[in-house]
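Visitor: This structure is in structure tokens; I'll ask about it shortly.
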Amino acid sequence: MKKMFTLALLALAFTSCDKEKESEVEPLTIVHKQINSSFKYTVPIQVDVNSDGRNDFTFGNVLVSDSQGSHNLFYVRPLENNQVLLNLQQDISIGNWAAPLQLNDVVQEDQNRNYQFIRANGYVLDLRQPSGAQTLAEGPLGNSSTVYVGFRLKEGDKYKAGWVKLTYTAGTDKVDVTEAAFHTSTKITLEAGQR
668 MKKMFTLALL ALAFTSCDKE KESEVEPLTI VHKQINSSFK YTVPIQVDVN SDGRNDFTFG
728 NVLVSDSQGS HNLFYVRPLE NNQVLLNLQQ DISIGNWAAP LQLNDVVQED QNRNYQFIRA
788 NGYVLDLRQP SGAQTLAEGP LGNSSTVYVG FRLKEGDKYK AGWVKLTYTA GTDKVDVTEA
848 AFHTSTKITL EAGQR
């Protein structure tokens, strides 16, 4: 009986000891959305990335006239308190280029390259046609390419990282917005193209 009482007392002592709280692991949840739309001069589009009923970004085009003539600037504009990842090293006459991310680049600020999330237009393409010459294309999408534009969605007082995939084909006057994704966690990084 003494042994039984001692064993019961030891078992009770072990179970009543403070246990380390298990650290919570956030699930790797990525919300992906097919968009399959395009925008061009006078035909902007608005996208609700997180499907909350409010548009998060406008994709559009603005006609600009300067000393080199008229040209079209294609942009991504964050709505509400959302942000776009901009390349602050390369400014253009009316703003900054969006930071051109490639597949598997991490969507985050980069002080070495001067990439920063800002609530401002991120320009992605500049089409200019000097009189009698072939159309010139500049910017992250200038070479008939695909780029990912990083963004942050504000939910409450936190931001969630995401990306949108844009494609431009030379000779056209439109930019295709094919898909977007964002991470539901505010602590885990996301790669461009990750689903």
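By the count of the working numbering, the sequence shown reaches residue 862 at its end, each step adding exactly one. Virtual Cβ for every residue (Gly too), placed ideally from N, Cα, C. Every value quoted in this text rests on a predicted model; they were computed, and no experiment measured them.
1. Do you know offhand how far residue 701's Cα is from residue 718's?
2. What does the alpha-carbon distance come out to for the pair residue 853 and residue 792?
3. Classify residue 817 as helix, strand or coil using the three-state DSSP reduction.
4. State the beta-bridge partners of residue 841 as determined by DSSP.
5. Just the C-alpha distance for residue 747 and residue 819, rounded to the nearest angstrom, thanks.
6. On a CA-only basis, which of 784, 787, 842 and 724 is nearest residue 811? Give me that one, please.
7. Does the Cβ of residue 755 have 16 or more other Cβ atoms within 10 Å, making it buried, or fewer, making it exposed?
8. I'd like the list of long-range same chain contacts for residue 851, defined as Cβ closer than 7 Å, with 5 residues on each side in sequence excluded.
9. Whose CA, out of 844, 814 and 848, lies closest to the CA of residue 829?
10. With a cut-off of 8 Å, do at least 3 Cβ pairs link the segment 765 to 782 to the segment 720 to 735?
11. What number of angstroms, rounded off, separates the C-alpha of residue 757 from the C-alpha of residue 808?
12. According to DSSP, simplified to helix, strand and coil, what is residue 761?
13. Name, in chain order, the residues that DSSP records as bridge partners for residue 745.
14. Ends of the beta strand (DSSP E) at residue 855?
15. Give the straight-line distance between the Cα atoms of residue 715 and residue 833, rounded to the nearest whole angstrom.
16. What distance in whole Å lies between the Cβ atoms of residue 743 and residue 816, which are believed to be in contact at a cut-off of 8 Å?
17. By how many angstroms is the C-alpha of residue 800 removed from the C-alpha of residue 859?
18. Can you check whether the CB of residue 713 is closer than 7 Å to the CB of residue 722?
19. Give the C-beta separation of residue 794 and residue 761 to the nearest angstrom, bearing in mind that I take them to be a contact with Cβ-Cβ under 8 Å.
Guide: In brief:
1. Per the coordinates, the alpha-carbon of residue 701 lies some 12 Å from the alpha-carbon of residue 718.
2. Rounded to whole angstroms, residue 853 to residue 792 spans 30 Å at the Cα level.
3. Three-state DSSP puts residue 817 in a strand.
4. Residue 841 is bridged to 707.
5. Using only the alpha carbons, I get a separation of about 11 Å.
6. Checked all of 784, 787, 842 and 724; the closest Cα to residue 811 is 842.
7. Counting Cβ neighbours within 10 Å, residue 755 comes out exposed, since fewer than 16 surround it.
8. Taken in chain order, the residues that qualify are 696, 698 and 827.
9. Residue 829 has its Cα closest to that of 848, out of 844, 814 and 848.
10. Verdict: no, contact absent.
11. The alpha-carbon of residue 757 is positioned some 14 Å away from that of residue 808.
12. In this structure, residue 761 counts as coil in the three-state DSSP scheme.
13. The beta-bridge partner set that DSSP reports for residue 745 consists of 724.
14. Run containing residue 855: none; DSSP gives neither H nor E here.
15. In a straight line, the C-alpha of residue 715 is about 16 Å away from that of residue 833.
16. Sure, about 6 Å apart at Cβ, within 8 Å.
17. Cα to Cα, residue 859 sits roughly 36 Å from residue 800.
18. Contact: yes.
19. Between residue 761 and residue 794 the Cβ distance is about 15 Å, and since that is not below 8 Å, they are no contact.
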